[in-house]
Amino acid sequence: MKYLIANWKANKNLSETRLWITEFLKSIDNDSQTIKKLDNNRIKIIICPPFPLLFPLKQMLDGRKNIVTGCQDISLVEGGTYTGEVTAHSIESFAEYVIIGHSERKKFFQETEDEILKKFSIANKYAINPIYCVATENTSYPSTVKFLCYEPPAAISGGDGHGNFESVQSILNAKQELKVSKMIKFIYGGSVNRGNVANYINTGQIDGFLIGGASLDPIHFYDIVKLA
Ligand code: PGA
């Protein structure tokens, strides 16, 4: 199974989400090969919009097999008097996955390793699958991680999906350094787009992609899905 994870970051409103999903599903529905891959559990598409769009997006997906919603973060608290927080409990019924420890959370919101570990355990407690991000090949991660995303910050695009191309060899070296076991799905993120994704897929050693800028355009994202 290959995982195609769209990380919309802080982009899109409700009407833009409707337009995106209409275009995206139209492309999928015209492509019997991709439908077959979804039906046969060969690919899974995880769309991670901003929190307020999670529920409407889930409704728009209408229970389609292997096209699901995820969120980009969860609160450190589980509930209570914390104005403005979005907890795992609030979203557990409409997010199947959550991105934990993205480097932008560390860079812009000073998220610490301890907080990331706490979020990881909260996600597990609420049965939201954590996609655990590491920025370097020497970062440690919990032994129970099932989805490990290697995303070197220098490779992350400025929002258009066309940043520094991380060589295939350096990603595979990082995978080795990180001692990724067979039980772990190894995800790569950083300027993945329709022009370079085949290089990564062809290694046969990368189980999925976290796609930022290139996921904002439904046709561009569909083109990546088609290649997976
Ligand atoms: P990018 O973002 O594809 O725009 O580089 C990836 C990410 O940060 O998740």
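Each residue of the sequence shown is one higher than the one before, counting from 8 in the working numbering.
All C-beta atoms, glycine included, are put in the ideal place defined by N, C-alpha and C.
This structure is a prediction, so every number in the text was calculated from the model and none was measured.
At the C-beta level, I53 and Y10 come within 8 Å of one another.
When the Cα atoms are used, F116 and N18 turn out to be separated by approximately 17 Å.
Looking at the backbone, the Cα of E184 and that of I218 are separated by about 23 Å. Two segments are said to touch when three or more pairs of C-beta atoms, one from each, lie closer than 8 Å; by this definition the stretch 69-77 does not touch the stretch 108-127.
DSSP places N180 inside the alpha helix (DSSP H), whose first and last residues are V175 to E184.
Placement of the Cβ of S198 at a distance of less than 7 Å from at least one heavy atom of the ligand PGA is found.
Within the DSSP bridge table, the entry for A13 names I54 and I218 as partners.
Relative to the ligand PGA, L155 has its C-beta separated by 7 Å or more from all heavy atoms. Here DSSP, grouped into helix, strand and coil, assigns Y207 to helix. Using a Cβ-Cβ distance cut-off of 8 Å, the stretch 207-227 and the stretch 157-177 are in contact, since at least three pairs of beta carbons, one from each stretch, lie closer than that value.
Under the DSSP assignment, T24 falls outside any beta strand (DSSP E), being part of the alpha helix (DSSP H) whose first and last residues are L21 to D36. Per DSSP, the continuous beta strand (DSSP E) segment holding T76 begins and ends at I74 to C78.
Judged by pairs of C-beta atoms under 8 Å, the stretch 72-91 touches the stretch 116-126, as three or more such pairs exist. With respect to C156, I194 sits close: the two C-beta atoms are nearer than 8 Å. Counting only runs of 3 or more residues that sit fully inside the stretch 76-107, the beta strand (DSSP E) segments are 104-107, in chain order.
For I123, the uninterrupted alpha helix (DSSP H) segment begins and ends at E120 to K132. Per DSSP, the beta-bridge partners of L155 are Y139 and F193. The alpha-carbon separation between A134 and N20 amounts to approximately 27 Å. By the criterion of a C-beta distance shorter than 6 Å, S34 is surrounded in its chain by Y229, once the five residues flanking it on both sides are discounted. Residue range L61 to L68 is occupied by the alpha helix (DSSP H) that includes M67.
At a cut-off of 7 Å, the beta-carbon of A13 does not count as near the ligand PGA: no heavy atom of the ligand is closer than that.
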